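Peer 1:
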Amino acid sequence: MKYAVDMLDYHIRNDSCLIVKPSAIVDEVFNKFRQNTRLKREACGILIGGFKRAKNTIVIDKCTSPGAQDVRRRSSYTMKDSKHQLEVTKEFKTSNGFSNYLGIWHTHPEPNPIPSRIDLNDWEKVMLLNREILPAFL
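Numbering (this note's numbering), first residue to last: 839 to 976.
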């Protein structure tokens with residue numbers, strides 16, 4: 839089964855709405871690495887995009903896919919490949935500073951993913967270090 843994420847609306851303070859809009863390229867990567875069989879290992883990458891303040895929209899233009907140096911297991915991953923940072927740096931430069939690191943994506947080996955203890959701990963660390971961001975699970 840193929841999934842597509844056209845747009846996600848997050849209602850935030852004062853009845854305003856933040857729209858998260860992944861591109862078709864991101865959908866392709868997510869579908870390619872979906873863990874829909876027992877043989878598939880977790881996949882991970884970086885979400886790259888920017889914020890269009892006038893439209894209150896986060897645009898996810900690209901995402902990286904697992905690299906050769908990344909460690910992938912059935913229910914865990916370790917991002918080690920330098921290609922992720924190289925891609926973020928390249929996109930930042932070619933977009934004149936619009937596209938940048940937005941976060942990490944990764945798969946889960948279940949049909950209805952639930953954040954793991956590791957996910958929640960990482961989430962807490964990010965929130966403590968970046969009090970100005972608006973967190974979101976996609």
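Don't be surprised by glycine CBs; every beta carbon is placed ideally from N, CA and C.
Being a predicted model, the structure only gives us computed values, none of them experimental.
#1: On the CB-based measure, 16 or more other CB atoms within 10 Å of its CB, does T932 come out buried or exposed?
#2: How is the beta strand (DSSP E) around I896 delimited, first residue to last?
#3: What do you reckon, are the CB atoms on F871 and T945 nearer than 8 Å?
#4: Taking Cβ positions, are H922 and G905 nearer each other than 8 Å?
#5: Should G887 be labelled buried (16 or more other beta-carbon atoms within 10 Å of its own) or exposed?
#6: Check the C-beta distance from R891 over to R912 and give it rounded, since I have them as a contact under 8 Å.
#7: Express the C-alpha separation of S861 and V909 in angstroms, rounding to a whole number.
#8: As an exercise, report each continuous alpha helix (DSSP H) stretch of at least 4 residues that is fully enclosed by the stretch 902-961, in chain order.
Peer 2: Answer, in terms of the structure:
#1: exposed
#2: T895 to C901
#3: yes
#4: yes
#5: buried
#6: Actually they are not in contact, since the Cβ atoms of R891 and R912 sit about 41 Å apart, beyond 8 Å.
#7: 26 Å
#8: 921-932
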